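Working notes, beginning with the structure itself.
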Amino acid sequence: EVGLLARAREDLRAAAAVASWPALQRCTYERSLGLPPHPEHGAHIATEFRLSDEAIAAIEHHHDRTSSTTLPGKVAWLAERVAGVFEAGDVLRNREEAMAAASDCGLPAERITHILEALPDQVAAAATALARDIGPQPDLESLTTDARQNLVKLNMEYERVVRRLEQVIQEKEDLARKLADANAELSKLAGTDSLTELSNRRAFDDALRRDMARAQRYGEPISVLLMDIDHFKSFNDSFGHTTGDAVLASFARSISNCCGDQCYAARFGGEEFAVVLQARDAQDLARQAATVRFYVSEQVINYEDLQLKITASGGLARMVADEPISAIYERADEGLYQSKKAGRNRGFWLSDIGWQPFPTIAAEPQLLSELNDAAPESTSTTVADAGPTGKQRAVSEVSTATPSRAVAPAITAPVPASADDAAHPATIAEGNVAANPKPSVAPAAAAPASTAPHERAEILDLQSFLGRLDGFMQQLRNAELPATGVMLQALGLSQAENGQAASSWEHAVSLVQRNLRGIDVVCLYQTYTLCIFMPGCSLDAAIDRGSKLQANLRTAQEQWPGEVCPQRFAIALAGVGDTEDSARFRNRLEGALEEGVDASVNELVVHTGEACHFQQV
Numbered sequence: 002e003v004g005l006l007a008r009a010r011e012d013l014r015a016a017a018a019v020a021s022w023p024a025l026q027r028c029t030y031e032r033s034l035g036l037p038p039h040p041e042h043g044a045h046i047a048t049e050f051r052l053s054d055e056a057i058a059a060i061e062h063h064h065d066r067t068s069s070t071t072l073p074g075k076v077a078w079l080a081e082r083v084a085g086v087f088e089a090g091d092v093l094r095n096r097e098e099a100m101a102a103a104s105d106c107g108l109p110a111e112r113i114t115h116i117l118e119a120l121p122d123q124v125a126a127a128a129t130a131l132a133r134d135i136g137p138q139p140d141l142e143s144l145t146t147d148a149r150q151n152l153v154k155l156n157m158e159y160e161r162v163v164r165r166l167e168q169v170i171q172e173k174e175d176l177a178r179k180l181a182d183a184n185a186e187l188s189k190l191a192g193t194d195s196l197t198e199l200s201n202r203r204a205f206d207d208a209l210r211r212d213m214a215r216a217q218r219y220g221e222p223i224s225v226l227l228m229d230i231d232h233f234k235s236f237n238d239s240f241g242h243t244t245g246d247a248v249l250a251s252f253a254r255s256i257s258n259c260c261g262d263q264c265y266a267a268r269f270g271g272e273e274f275a276v277v278l279q280a281r282d283a284q285d286l287a288r289q290a291a292t293v294r295f296y297v298s299e300q301v302i303n304y305e306d307l308q309l310k311i312t313a314s315g316g317l318a319r320m321v322a323d324e325p326i327s328a329i330y331e332r333a334d335e336g337l338y339q340s341k342k343a344g345r346n347r348g349f350w351l352s353d354i355g356w357q358p359f360p361t362i363a364a365e366p367q368l369l370s371e372l373n374d375a376a377p378e379s380t381s382t383t384v385a386d387a388g389p390t391g392k393q394r395a396v397s398e399v400s401t402a403t404p405s406r407a408v409a410p411a412i413t414a415p416v417p418a419s420a421d422d423a424a425h426p427a428t429i430a431e432g433n434v435a436a437n438p439k440p441s442v443a444p445a446a447a448a449p450a451s452t453a454p455h456e457r458a459e460i461l462d463l464q465s466f467l468g469r470l471d472g473f474m475q476q477l478r479n480a481e482l483p484a485t486g487v488m489l490q491a492l493g494l495s496q497a498e499n500g501q502a503a504s505s506w507e508h509a510v511s512l513v514q515r516n517l518r519g520i521d522v523v524c525l526y527q528t529y530t531l532c533i534f535m536p537g538c539s540l541d542a543a544i545d546r547g548s549k550l551q552a553n554l555r556t557a558q559e560q561w562p563g564e565v566c567p568q569r570f571a572i573a574l575a576g577v578g579d580t581e582d583s584a585r586f587r588n589r590l591e592g593a594l595e596e597g598v599d600a601s602v603n604e605l606v607v608h609t610g611e612a613c614h615f616q617q618v
């Protein structure tokens, strides 16, 4: 049916938001929805309903209402515009056209007459209701301004989101890069010996497997050189583990300096080091191994006022096709055994005719790269050397120091050794420090480190101590080693009778001496006061040693000999600063000791560089 307003009212209400807009605004809105402009839409529908040209023209230019997108709305929209035509006055002609249209639609003439007569009033009522429902509408300028502002806000929000997204992406990339760097560092640390900074045993095994596989493909001879520092255990026991660590680190640096990029070196374990060598033939491998062993054995390690000359024994084994790496290790270790058996400070390699000493190196120590560039001819020389049992044994690699090497004359420092090692003590080169008439506990030119394990080191006088302190401190800085000073004062003896006080003080000094290492330097600093210089000892380690010393002295007071016993012992500690001189260092120690006089029996005073604090023990 034509139906009209009753069924279209809800659709007209839905279209009320745009029904009263100006024509330009409504057309813009319709285009934004993808709809045809309502004048064209209305004219098309009017044509379908066979309205007159006048009605169609009226619809095309009628802009105070708009249509809904539903079919009933379109019908109502058309009826509303037809009503406008009737209101124009030409009712009779349009009635006839409407009758004709109704006849085509199969509607009774009476019904269409009734509808057409009632249509103007119903349209007017609907328009009034719509105007009341929709209220005032914003103009196009306000809508455009709001839309522009919303668009600006939207763009700003979009840019903010994009910037945040870029930031998140950058953070993610940075995190991934840091993670990759951390993984690489962890991988490096996992394959690096922390003390010597050479590769460790696991990394060396992996590198050797790769090198062996490549050597088999290209037919290049490859070998493993094992080196062991001679008498290291005895040296370590005499000089202390801190000094031993310094020797290991210096020995590793010598290997790196000699080898460079020519070969792969690692700390094999303990005082053993391993090097992978590659060369044209077996003789060249032996020559390279002899060069490396000779180079590291000719280096002088400066520590305190000692110049320590450490030698090494070596064993060289060549790769055999398709064998496991354990086999080449066993043969190299056998060569090491042959070297030690022959008297140490030499090397042996397994030739086609059996174990042979390394070729003789009778010149200045060379870097391996220099050796490979020069490729001199070398021969193996054997000399007779009587061992401790009087038997003759083979000795090779006889080195002759040339006048250009300003190496100080060497003295030997007795170290605890086995009977087999008795004839081969560790070698120490004298430093340029005036020797004391008597041996001191300091590692000086007078062989202080030669103090036997149960022999008490002498207490230096203050002048001798101060004359050496600056040199000690500078040598430790050069070696990048820590050092700590300790001052100890026996309280309460100054009030006692001189003889009794002296006897009590002598006993206290003997107790302190029992707690010293062979390389510690001690002097009588003031009356009833000792100053101890501990090279290679960090402040934390010194605090631990001071705590044990304090505890030992407290225990000894319970059975103190004689009639006079110190009331207690004040102990102060200070680490050596990176740049300070000996005077400032002593001033800090003295200040800490003054504070220590007021400390309790269970406290040490520690000067941290800026101030003193009391350390509970």
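Each residue of the sequence shown is one higher than the one before, counting from 2 in the numbering used here. Backbone N, C-alpha and C fix where the C-beta goes; we use that ideal spot for every residue, glycine too. Model, not experiment: these values are computed from the prediction.
Residue i in three-state terms, based on DSSP
| i | result |
| --- | --- |
| H232 | coil |
| R345 | coil |
| T193 | strand |
| S539 | coil |
| Q217 | helix |
| V225 | strand |
| Q496 | coil |
| L525 | strand |
| L199 | coil |
| G315 | strand |
| G610 | coil |
Endpoints, the beta strand (DSSP E) within which residue i is located
| i | result |
| --- | --- |
| Q279 | E273 to Q279 |
| T530 | T530 to P536 |
| M320 | Where M320 is concerned, there is no enclosing beta strand (DSSP E), given that its DSSP letter is neither H nor E. |
| C613 | C613 to Q617 |
| A571 | R569 to G576 |
Whole-number beta carbon distance between residue j and residue i, since they are thought to touch under 8 angstroms
| i | j | result |
| --- | --- | --- |
| I256 | F274 | 6 angstroms |
| I326 | D206 | 6 angstroms |
| N201 | R268 | 6 angstroms |
| I460 | V510 | 7 angstroms |
The alpha helix (DSSP H) enclosing residue i, as first and last residue numbers
| i | result |
| --- | --- |
| F359 | Premise fails: F359 is in no alpha helix (DSSP H) and is neither H nor E. |
| I520 | I520 -> no alpha helix (DSSP H), and no H or E assigned at all. |
| E559 | Element bounds for E559: n/a, residue is neither H nor E. |
| L467 | L463 to N479 |
| V602 | Careful: V602 lies outside any alpha helix (DSSP H) and carries neither H nor E. |
| T292 | A283 to S298 |
| V487 | It is not in any alpha helix (DSSP H) - V487 instead sits in the beta strand (DSSP E) that spans A484 to L492. |
| L512 | N499 to R515 |
| N258 | H242 to C260 |
Inter-residue spacing [alpha-carbon to alpha-carbon] between residue i and residue j
| i | j | result |
| --- | --- | --- |
| E591 | S583 | 12 angstroms |
| I362 | W350 | 15 angstroms |
| Y265 | Q560 | 60 angstroms |
| L226 | R469 | 41 angstroms |
| A328 | F240 | 36 angstroms |
| D323 | R518 | 51 angstroms |
| N588 | A343 | 53 angstroms |
| H508 | S314 | 45 angstroms |
| N346 | A280 | 24 angstroms |
| E174 | E158 | 24 angstroms |
| P488 | D246 | In the sequence as displayed, the identity of residue 488 is Met instead of Pro. One C-alpha to the other measures close to 26 angstroms. |
| G486 | C524 | 11 angstroms |
| G563 | A502 | 9 angstroms |
| P440 | K189 | With a pLDDT of only 28 at P440, under the threshold of 50, the placement of this residue in the model should not be trusted, and no figure is reported. |
| L155 | T146 | 14 angstroms |
| T609 | A542 | 14 angstroms |
| E221 | K179 | 40 angstroms |
| V598 | I520 | 28 angstroms |
| E1 | S495 | Only positions 2 to 618 of the chain appear in this structure, which leaves residue 1 out of reach. |
| A208 | A333 | 17 angstroms |
| S251 | L199 | 11 angstroms |
| R288 | L482 | 35 angstroms |
| F466 | T243 | 22 angstroms |
| A491 | P567 | 6 angstroms |
| T312 | F534 | 29 angstroms |
C-beta neighbour in chain D for residue i, strict 8 angstroms
| i | result |
| --- | --- |
| V276 | Absent from the structure is chain D; it holds one protein chain and no more. |
Beta bridge counterpart(s) of residue i as assigned by DSSP
| i | result |
| --- | --- |
| Y265 | V277 |
| I302 | L309 |
| S352 | G355 |
| G270 | E273 |
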